[in-house]
Amino acid sequence: MTATPSTRVGFIGLGNMGSGMTRNLQEAGYALVVNDIRRESAASLLANGAVWADTPAEVAAQTDVVITMLPTPRHVDTVVNGKNGILAGIADGGCWIDMSTSVPDVANGVRFEHADRGLRILDAPVSGMSVGAASGMLQIFVGGSSDDFEELLPIFRAMGDPERILHVGAAGTGYAVKLMINQLWFSHLVATAEVLSIGVKAGVDLGVLRASLIASPANSNFVQHDVLSILGDGDYDEGFSIALACKDLGLSIDLARSVGVPAELSGLVEQIYRRARAQYGDAAGEMSPVRLYEDLSGINLRLNDSTPSSPADVVAAVAAAEEAAEASANAAVAASVAASAAASAVASSVNADLASA
Numbered sequence: 021m022t023a024t025p026s027t028r029v030g031f032i033g034l035g036n037m038g039s040g041m042t043r044n045l046q047e048a049g050y051a052l053v054v055n056d057i058r059r060e061s062a063a064s065l066l067a068n069g070a071v072w073a074d075t076p077a078e079v080a081a082q083t084d085v086v087i088t089m090l091p092t093p094r095h096v097d098t099v100v101n102g103k104n105g106i107l108a109g110i111a112d113g114g115c116w117i118d119m120s121t122s123v124p125d126v127a128n129g130v131r132f133e134h135a136d137r138g139l140r141i142l143d144a145p146v147s148g149m150s151v152g153a154a155s156g157m158l159q160i161f162v163g164g165s166s167d168d169f170e171e172l173l174p175i176f177r178a179m180g181d182p183e184r185i186l187h188v189g190a191a192g193t194g195y196a197v198k199l200m201i202n203q204l205w206f207s208h209l210v211a212t213a214e215v216l217s218i219g220v221k222a223g224v225d226l227g228v229l230r231a232s233l234i235a236s237p238a239n240s241n242f243v244q245h246d247v248l249s250i251l252g253d254g255d256y257d258e259g260f261s262i263a264l265a266c267k268d269l270g271l272s273i274d275l276a277r278s279v280g281v282p283a284e285l286s287g288l289v290e291q292i293y294r295r296a297r298a299q300y301g302d303a304a305g306e307m308s309p310v311r312l313y314e315d316l317s318g319i320n321l322r323l324n325d326s327t328p329s330s331p332a333d334v335v336a337a338v339a340a341a342e343e344a345a346e347a348s349a350n351a352a353v354a355a356s357v358a359a360s361a362a363a364s365a366v367a368s369s370v371n372a373d374l375a376s377a
């Protein structure tokens, strides 16, 4: 049966992401039962008709679908398996969707230990940050059975961009896809920080360097878009902490080890992230490794109004520089010719004087 607004939805975890996601579920007409470690996080939801439950077990007992959106696998484990956890309240055949950035361990344990209960479990991590959560335009990566995905698609559409809600495979694949996305993005960030720092220290204008990268095979979404928050505004994105970024990198490396794949590059990226975390604190933004490179290199990666910011600007800037250089060279030639003429005149005068003597 396809989920409809009559489906009762439980939601546990009302932080930066969960608060926006639940508002969109509520606006789509879903009756919500919610829980969080801070009841005040639910104030606006409760004012608009949501029901508060004191425990995850109570959430599960009152709803058809339970969604968790929590910081770490440890939090997920506690909410699911702990005293008064989801498993204590969910009915046989019930549905649990974990939308946290996590690993399959908790869900796999539930499947194994409660196989006789017929529970339907999906992993559906998201991408899009708190802005996407608030606007209902998250990208969602769903791992689980295709039948469950189709049934629950209306719920996902209430929270995400319909064009970017993907069924990526069997249970556990949603977790894997999200971790790989984060791993690659963090790697792009560190590589970009290093390249920009080296280039600027070598004397290349920052705007020219970035525009050259954009026009080349080395271009990426990070170079073209994401890094502008730093280059333009000095914003290292405190909306997502470096502590959580380090957590995600650690999970990615753990996943690589579990499937027998070396993660040497990711290990180096993680080391740089941990160094930035130690330098600037847990609450620093996820883009703080760029700041680390700036500090270590003694530079400030900021564009200014006159800095070229596109390949066309670079062409114009280079053409202007070449024109100026040519004008300077022509002036130098003219000065040299004038000097030679003056020298010749002096020599002729001297020769004439000698001849008359």
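If you're matching positions, the sequence shown starts at 21 in my numbering and goes up one per residue.
Where is the CB? At the ideal position from N, CA and C, for every residue including glycine.
Since this is a predicted model, take the numbers as computed values, not measurements.
- Out of N324, R140, F206 and I87, the CA that lies nearest to the CA of G305 is found in F206.
- Residue range T193 to K221 is occupied by the alpha helix (DSSP H) that includes I201.
- By DSSP's assignment, I106 forms no beta bridge with any residue.
- Of all C-beta pairs linking the segment 207 to 218 to the segment 232 to 247, three or more are shorter than 8 angstroms, placing the two stretches in contact.
- The residues I273, in chain order, have a CB closer than 7 angstroms to that of G287 in the same chain once the five nearest residues on each side in sequence are set aside.
- The shortest C-alpha to C-alpha distance from S308 to any of I292, G318 and R277 is the one to I292.
- Ranking R59, A144, N55 and V85 by CA distance to the CA of S26 puts V85 first.
- In the structure shown, R131 adopts helical secondary structure according to DSSP, grouped into three states.
- Distance from the CA atom of G105 to the CA atom of C266, rounded to whole angstroms, is 27 angstroms.
- Under a 10 Å Cβ-count criterion, D167 is classified as exposed, with fewer than 16 other Cβ atoms of the shown protein chains found around its own Cβ.
- Nearest neighbour of L52 by Cα position, chosen from N239, L66 and R277, turns out to be L66.
- No beta strand (DSSP E) of 3 residues or more sits fully in the segment 261 to 318.
- Taking a C-beta distance under 8 angstroms as the contact criterion, S122 and V96 qualify as a contact pair.
- Taking C-alpha positions only, S236 is separated from R230 by approximately 10 angstroms.
- Taken through DSSP and simplified to helix, strand or coil, D84 comes out as coil.
- Burial is judged here by how many other beta carbons sit within 10 angstroms of a residue's own beta carbon; G114 has at least 16 and is buried.
- Under DSSP, no beta-bridge partner is assigned to F169.
- Per DSSP, S249 has no beta-bridge partner at all.
- Residue nearest to F169 within the set A190, E183 and D181 is A190 (criterion: CA-CA distance).
- Separation of T83 and D268 (C-alpha to C-alpha, rounded to the nearest whole angstrom) is 30 angstroms.
- No Cβ-Cβ contact shorter than 8 angstroms links R322 with L216.
- Contact check for A80 against G30 passes: the beta carbons are separated by less than 8 angstroms.
- Nearest in C-alpha terms to P93, of all of G301, V162 and D118, is D118.
- Bounds of any beta strand (DSSP E) do not take in V224, whose DSSP letter is neither H nor E.
- The residue among H134, Y195 and T22 with its C-alpha nearest the C-alpha of G164 is Y195.
- In this chain, L321 is not harboured by any beta strand (DSSP E), its DSSP state being neither H nor E.
- The Cβ atoms of L312 and R294 do not sit closer than 8 angstroms to each other.
- Judged by pairs of C-beta atoms under 8 angstroms, the segment 120 to 137 does not touch the segment 151 to 161, as fewer than three such pairs exist.
- Between G192 and D143, the CB-CB gap stays under 8 angstroms.
- Contact between W116 and L139 holds, with the beta-carbon distance rounding to 7 angstroms and staying under 8 angstroms.
- A153 sits in a helix when the DSSP states are folded into three classes.
- A straight-line Cα-Cα distance of about 23 angstroms links H134 and R28.
- The straight-line gap separating the alpha-carbon atoms of G318 and V310 is approximately 12 angstroms.
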